[in-house]
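Before any comments, here is the structure.
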Amino acid sequence: MTSLASVPTTTGATLDVEKIRADFPILSRTVRDGKPLIYLDSGATSQRPRQVLDAERHFLETSNAAVHRGAHALSEEATDAYESARERIAGFIGADYGEIVFTKNATEALNLVAYGMSNALTSDDPKAARFRVGPGDEVVVTEMEHHANLVPWQEFCRRTGATLRWFGVTSDGRLDLDPSVITERTKIVAFTHQSNVLGTVTPVEQIVAMAKAVGAYTVLDACQSVPHAPIDVHALGVDFAAFSGHKMLGPSGIGVLYGRRELLEALPPFLTGGSMIELVRMEGSTYAAPPARFEAGVPMTSQAVGLGAAVDYLNALGMENVHAHENTLTAAALEGLAAIDGVTIIGPRTTESRGGAVSFEIDGVHPHDASQVLDDSGIAVRVGHHCAWPLHRAFGVQSSIRASFYVYNTLDEVQALLDGVRRAQDFFAHGGVSL
Amino acid sequence: MKLETMYQEIILDHYKNPHGKGLREPYEAEVHHVNPTCGDEVTVRVHLEGSGADAKVVDLSYDALGCSISQAATSVAYDLVVGHTVGEAFEVLSAYQEMVQGRGKVEPDEDVLDDAVAFAGVAAYPARVKCALLGWMAFKDAVAQADENAPELEGQR
């Protein structure tokens, strides 16, 4: 296991960002003819500290084996490393050990819930009956969902005959919690904790209460919240939650599904095969208890170990401190962008119930072109619809520019973004002459 | 600097004042193409006279939402294909595609490419190649739909 002695500790309520940055080798590289990299795209994927890379390498150099099979020394060590990561990740979000399922990514975790539930229609396990949904039933999502928490439910409705409904978005980027959307017919409410475009933090407790009042299950997309703030899934009261490793300083190729124990025990499997069985006969099979039931095949191992190390790293920083740091950067970005003529922020204008993803438009400069000028200054931002096409449509925009912040970003980098936006304006106002 | 290499003045001129923009009648085929990564879209109509490689492109009309590169590329395509045969237009498209996908290793043939040579700088930015090709590929598809005897485009990959 990795030693935490080398993780930068916090000084007061803020992060020692200089020390943190020293842990991320990639941040010292230059791009585009020697410009220092200014990485403002952690909402898409975060960078990884040496501690995570070292943990993966150490595991692969000393203990690599297929987990949960074989009785040799390496197999035991690998299984211990894998399960230890599960335990620490569970602790990180306030869940119990057995409530954490490893998936390929958050998208797979959300599909696991959607397919598990629709598989209840053909399951002969009486416990699965509670998930049966059909014509006349409704699934509620929101207009601010990432495609990963929208398309699986569109497909779920197509398979089951249920109807998809959704909460709209207000012009200031909040959910319009129209009380008529959730009714006695609602069986599932799937929603994001924090919009990957607007930064909006949704009122989870309120939506959970609305869902519980009609006996509907709740599925939370926590991809943009778990990496950035202290999260306790039991306190939030959601039934399921999904997030990905690569957005929280961990490896890609690993995602996490949280499910309330009682529900995971009743949910039919999504992917089937080795590891997830109890008893296999030619005529048919029975399935293992969760979480194994949902982890068919040889799972990712170094990625789980790496994500465990990422959680250790974040714990050492303190999630309250992480959140406070990002809040400072977000406030500076919002204030600075609002002060530039011709820039329109898409989403809440203050840090109230808001995280560190800031999307905006520049009058007369297409986002793709703006990002090209920013890139020329070494600044990495995301452009496009950020996998939230309906949300962009709701705001009447085709695409936007998104800056997103994390533990290693600085106020100087926010200033560089603001300078870059002005440079993009000047560049296109003056017919492509760089100033 | 590379940035200025891509954003040639001629590209920005076409972006600000696109040639031939707007959807017009008559036409034999209309296609709608999107770039799913950024949401850029283009609708293209073609009006042909005749058939096969010798068919004449009488009109290419279009409506587009997108970045400077995709808008300007479609505008330049209008200039370069209208009044020419499909065979000639595809020869330009083929050379153009080879250039923008060439990662800077393809020496553009200005005699064939005319104004489209201005997009040579796009090759240095692989993420923008799709922008440069959006309108052109829509044109190619529209021709294929309008005329079952349309020639194959060379060098497809």
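For the record, the sequence lines run as chains A and B. Here the first sequence is numbered in this note's numbering, starting from 2 and rising by one per residue. Here the second sequence is numbered in this note's numbering, starting from 5 and rising by one per residue. Yeah, the Cβ is synthetic: ideal placement off N, Cα and C, and Gly gets one too.
Test item: CB-CB of residue i and residue j under 9 Å
{"i": "THR47 of chain B", "j": "ALA68 of chain B", "result": "yes"}
{"i": "ASP113 of chain B", "j": "ALA99 of chain B", "result": "yes"}
{"i": "LEU38 of chain B", "j": "VAL147 of chain B", "result": "One point to set straight first is that residue 38 of chain B is Val, not Leu, in the sequence displayed. It is not a contact, given that the beta carbons lie outside the stated cut-off."}
{"i": "ILE232 of chain A", "j": "ILE101 of chain A", "result": "no"}
{"i": "PHE295 of chain A", "j": "LEU272 of chain A", "result": "yes"}
{"i": "ALA223 of chain A", "j": "ALA243 of chain A", "result": "yes"}
{"i": "ALA325 of chain A", "j": "ASP42 of chain A", "result": "no"}
{"i": "ARG160 of chain A", "j": "SER119 of chain A", "result": "yes"}
{"i": "LEU375 of chain A", "j": "VAL359 of chain A", "result": "no"}
{"i": "LEU237 of chain A", "j": "LEU221 of chain A", "result": "yes"}
{"i": "GLY385 of chain A", "j": "THR41 of chain B", "result": "yes"}
{"i": "VAL408 of chain A", "j": "LEU111 of chain A", "result": "no"}
{"i": "HIS73 of chain A", "j": "TYR83 of chain A", "result": "no"}
{"i": "VAL202 of chain A", "j": "SER226 of chain A", "result": "yes"}
{"i": "ALA212 of chain A", "j": "ILE255 of chain A", "result": "no"}
{"i": "GLY356 of chain A", "j": "GLN195 of chain A", "result": "yes"}
Proximity test, Cβ basis, 9 Å: residue i and chain B
{"i": "PHE361 of chain A", "result": "no"}
{"i": "PHE429 of chain A", "result": "yes"}
{"i": "LEU436 of chain A", "result": "Residue confidence is low: LEU436 of chain A scores 45 on pLDDT, short of 50, so the model does not pin down where it sits. No coordinate-derived value is stated."}
{"i": "HIS147 of chain A", "result": "no"}
{"i": "ARG33 of chain A", "result": "yes"}
{"i": "GLN399 of chain A", "result": "yes"}
{"i": "PRO368 of chain A", "result": "yes"}
{"i": "GLN304 of chain A", "result": "no"}
{"i": "GLY274 of chain A", "result": "no"}
Delimiting residues of the beta strand (DSSP E) encompassing residue i
{"i": "VAL170 of chain A", "result": "164 to 170"}
{"i": "VAL344 of chain A", "result": "344 to 347"}
{"i": "GLY285 of chain A", "result": "285 to 288"}
{"i": "ILE189 of chain A", "result": "187 to 193"}
{"i": "GLU53 of chain B", "result": "44 to 53"}
{"i": "GLY256 of chain A", "result": "256 to 260"}
{"i": "VAL447 of chain A", "result": "No information on residue 447 of chain A is available, as it lies outside the stretch 2 to 436 that chain A covers here."}
{"i": "PHE103 of chain A", "result": "101 to 104"}
{"i": "VAL35 of chain B", "result": "33 to 39"}
{"i": "ALA404 of chain A", "result": "401 to 405"}
{"i": "TYR82 of chain B", "result": "Where TYR82 of chain B is concerned, there is no enclosing beta strand (DSSP E), although the alpha helix (DSSP H) it sits in stretches over 72 to 85."}
{"i": "LYS60 of chain B", "result": "60 to 69"}
{"i": "PHE361 of chain A", "result": "358 to 363"}
{"i": "GLU1 of chain A", "result": "Any property of residue 1 of chain A remains undetermined from this structure, which presents chain A solely from 2 to 436."}
{"i": "SER245 of chain A", "result": "241 to 245"}
{"i": "ILE278 of chain A", "result": "278 to 282"}
Boundaries of the alpha helix (DSSP H) in which residue i is found, first to last residue
{"i": "ASN112 of chain A", "result": "107 to 120"}
{"i": "ASP34 of chain A", "result": "Counting along the chain, ASP34 of chain A falls outside any alpha helix (DSSP H), and DSSP gives it neither H nor E."}
{"i": "TYR100 of chain B", "result": "90 to 104"}
{"i": "ALA45 of chain A", "result": "First-last for ALA45 of chain A: undefined, no H or E at that position."}
{"i": "ILE232 of chain A", "result": "Here ILE232 of chain A belongs to no alpha helix (DSSP H), and DSSP marks it neither H nor E."}
{"i": "SER124 of chain A", "result": "That residue, SER124 of chain A, is in no alpha helix (DSSP H); it is neither H nor E in DSSP."}
{"i": "ASP145 of chain B", "result": "133 to 150"}
{"i": "VAL299 of chain A", "result": "Counting along the chain, VAL299 of chain A falls outside any alpha helix (DSSP H), and DSSP gives it neither H nor E."}
Between the CA atoms of residue j and residue i - distance to the nearest angstrom
{"i": "LYS144 of chain B", "j": "GLY91 of chain B", "result": "11 Å"}
{"i": "PHE396 of chain A", "j": "GLU362 of chain A", "result": "11 Å"}
{"i": "GLY87 of chain B", "j": "ASP63 of chain B", "result": "8 Å"}
{"i": "ARG423 of chain A", "j": "VAL140 of chain A", "result": "44 Å"}
{"i": "LYS20 of chain B", "j": "ARG49 of chain A", "result": "42 Å"}
{"i": "GLY125 of chain B", "j": "ASN322 of chain A", "result": "44 Å"}
{"i": "VAL392 of chain A", "j": "ALA371 of chain A", "result": "The question names Val, yet the displayed sequence has Leu at residue 392 of chain A. C-alpha separation (whole angstroms): 21 Å."}
{"i": "ALA310 of chain A", "j": "ARG51 of chain A", "result": "10 Å"}
{"i": "ALA130 of chain A", "j": "LEU122 of chain A", "result": "7 Å"}
{"i": "HIS148 of chain A", "j": "THR108 of chain A", "result": "9 Å"}
{"i": "HIS367 of chain A", "j": "THR80 of chain A", "result": "50 Å"}
{"i": "TYR66 of chain B", "j": "GLU45 of chain B", "result": "10 Å"}
{"i": "ALA230 of chain A", "j": "TYR98 of chain A", "result": "20 Å"}
{"i": "GLY169 of chain A", "j": "MET301 of chain A", "result": "38 Å"}
{"i": "LEU265 of chain A", "j": "PHE103 of chain A", "result": "13 Å"}
{"i": "HIS247 of chain A", "j": "ALA142 of chain B", "result": "36 Å"}
{"i": "ALA136 of chain B", "j": "LYS36 of chain A", "result": "26 Å"}
{"i": "PRO445 of chain A", "j": "ARG175 of chain A", "result": "Residue 445 of chain A lies beyond the residue range present for chain A, which begins at 2 and ends at 436; the question has no answer from this structure."}
Below-9 Å beta-carbon distance, residue i vs any chain A residue
{"i": "GLY43 of chain B", "result": "yes"}
{"i": "GLY108 of chain B", "result": "no"}
{"i": "LEU137 of chain B", "result": "no"}
{"i": "LYS60 of chain B", "result": "no"}
{"i": "TYR129 of chain B", "result": "yes"}
{"i": "LEU157 of chain B", "result": "no"}
{"i": "TYR66 of chain B", "result": "no"}
**Request:** Pull out every residue of the stretch 364 to 397 of chain A whose Cβ sits closer than 8 Å to any Cβ of chain B, in chain order.
**Result:** HIS367, PRO368, HIS369, ASP370, GLN373, VAL374, ASP377, VAL384, GLY385, HIS386, TRP390 and HIS393
**Message:** Tell me which residues of the stretch 69 to 95 of chain B have at least one Cβ-Cβ distance to chain A shorter than 9 Å, keeping chain order.
**Reply:** LEU69, GLY70, CYS71, SER72, ILE73, SER74 and GLN75
**Request:** Anything in the stretch 116 to 127 of chain B with a Cβ closer than 8 Å to a Cβ of chain A? List those residues in chain order, please.
**Result:** none
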